[in-house]
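A.B. asks: In this note's numbering, the protein residues as written are 424 to 672. Built from N, CA and C at the ideal position, the CB exists for glycine as well.
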Amino acid sequence: MEDEDLLRYSRHILLEEFGIDGQARVSAGHALVIGAGGLGSPALLYLAAAGVGRITVVDPDNVDLTNLQRQIVHTTARVGAPKVDSAAAGMQAINPEIVIDTHIARADEVLLDRLVPTADVVLDCSDNFATRHAVNRACVQHRKPLVAGAAIRFDGQLSVYDARDAASPCYACIFPPEAAFEETLCAVLGVFAPVVGTIGTLQAHEALKLLAGIAPSLAGRLLMFDGRRTAFDSLRVARDPHCSVCAPR
Ligand SMILES: [Zn+2]
């Protein structure tokens, strides 16, 4: 590690559990981030600041004025630009040392099948069930740990689904694709800005732990944030032996 890196990452290196080896693993790591919106913004900024060596970001949209209330990786000057380009500019401004790959695309099955096998950890920062299920299926198939977050109004939730661990549920064990969940979009219902910041930051927190090899992860627990009470609750979650996605594995 170069002298400048020792300085840049010194506050991580000082951590007993992290150390120079943990930083080396983070620097050698590859995070795939699906979505550069409210959750993706803080997640991407923390992953970049922490020196994740390669970050791939996927989002089909352009920066819109209505995004800026909470999507902190974007700026007023970049309204109209592709979100992945804006996010790359924000990340590169903090840390020019890392490699950033961008895809102006929806995370469909074909793209995920190409990108997920190359990643060490996947962060689902998307805002709809179809994408969440597609990301989960790809992570189960390629045995990659998934850090999935969601936020709406004053509520957030987060978990890790680790297909490398036979005891860990997948996203579909908890939220079966065949169940008719009501799609709730923040464009309709609104979202309190720091709630996406809280959940997106915790996604980076879990992803960095996974990359650095700091156990245990949140796998097996669903963390819920009630932003009205400013309180966290967590539920134990188990594998569904009849899950349509992970049961046959
Ligand atoms: Zn499952």
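(1) On the criterion of 16 or more Cβ atoms from any shown chain inside 10 Å, does residue 653 qualify as buried, or is it exposed?
(2) Among 589, 454 and 629, which has the Cα closest to the Cα of residue 719?
(3) Apart from the five residues just before and just after residue 647, which ones in its own chain have a Cβ nearer than 6 Å to its Cβ?
(4) Am I right that residue 634 and residue 448 are in contact with their C-beta atoms under 8 Å? What's the rounded C-beta distance?
(5) Look at the alpha carbon of residue 505 and the alpha carbon of residue 651, and state the distance between them as a whole number of angstroms.
(6) Ligand 1 heavy atoms versus the CB of residue 545: any closer than 8 Å?
(7) Taking the C-alpha atoms as reference points, what is the distance between residue 568 and residue 453?
(8) Are three or more beta carbon pairs between the stretch 507-523 and the stretch 477-497 nearer than 8 Å?
(9) Should residue 496 and residue 455 be called a contact, given that it needs their Cβ atoms to be closer than 9 Å?
(10) What residue does the alpha helix (DSSP H) around residue 412 start on, and which one ends it?
(11) Could you tell me if the beta carbon of residue 663 falls within a distance shorter than 8 Å of some heavy atom in ligand 1?
(12) Taking DSSP as the reference, what is the three-state secondary structure of residue 496?
(13) For residue 469, is the beta carbon positioned less than 8 Å from some heavy atom of ligand 1?
(14) Tell me whether the beta-carbon of residue 441 lies closer than 9 Å to the beta-carbon of residue 597.
(15) Using alpha carbons as the reference points, say which of 481, 490 and 450 lies closest to residue 471.
(16) Taking the alpha-carbon of residue 610 as reference, which of 529, 666 and 493 has the nearest alpha-carbon?
(17) How big is the Cα-Cα spacing for residue 649 and residue 582?
(18) Could you check whether the Cβ of residue 427 sits closer than 9 Å to any Cβ belonging to chain B?
(19) Measure how close the beta-carbons of residue 631 and residue 473 come, nearest whole angstrom, since I'm counting them as under 8 Å.
C.D. replies: From the atom records:
(1) Flag for residue 653 reads exposed.
(2) Limits of the chain in this structure are 424 at one end and 672 at the other, which puts residue 719 out of reach.
(3) Apart from sequence neighbours up to five positions away, the residues of its chain that approach residue 647 with a beta-carbon distance below 6 Å are 580 and 656, ordered along the chain.
(4) Correct: roughly 6 Å between the Cβ atoms.
(5) Near 33 Å, if we compare the C-alpha coordinates of residue 651 and residue 505.
(6) For ligand 1, not one heavy atom lies less than 8 Å from the Cβ of residue 545.
(7) Rounded to whole angstroms, residue 568 to residue 453 spans 12 Å at the Cα level.
(8) In this structure the stretch 507-523 lies against the stretch 477-497, because at least three pairs of beta carbons, one per stretch, are closer than 8 Å.
(9) No Cβ-Cβ contact shorter than 9 Å links residue 496 with residue 455.
(10) This structure gives no information on residue 412, because the portion of the chain shown stretches from 424 to 672.
(11) Checking the Cβ of residue 663 against ligand 1 gives yes.
(12) DSSP places residue 496 in coil when its eight states are reduced to three.
(13) Outside the cutoff, so no.
(14) No, the pair does not count as a contact, with Cβ atoms beyond the cut-off.
(15) Among 481, 490 and 450, the Cα nearest to that of residue 471 is on 450.
(16) The shortest Cα separation from residue 610 among 529, 666 and 493 belongs to 493.
(17) Their backbone Cα atoms lie some 15 Å apart in a straight line.
(18) Absent from the structure is chain B; it holds one protein chain and no more.
(19) Contact flag correct, Cβ pair sits at about 6 Å.
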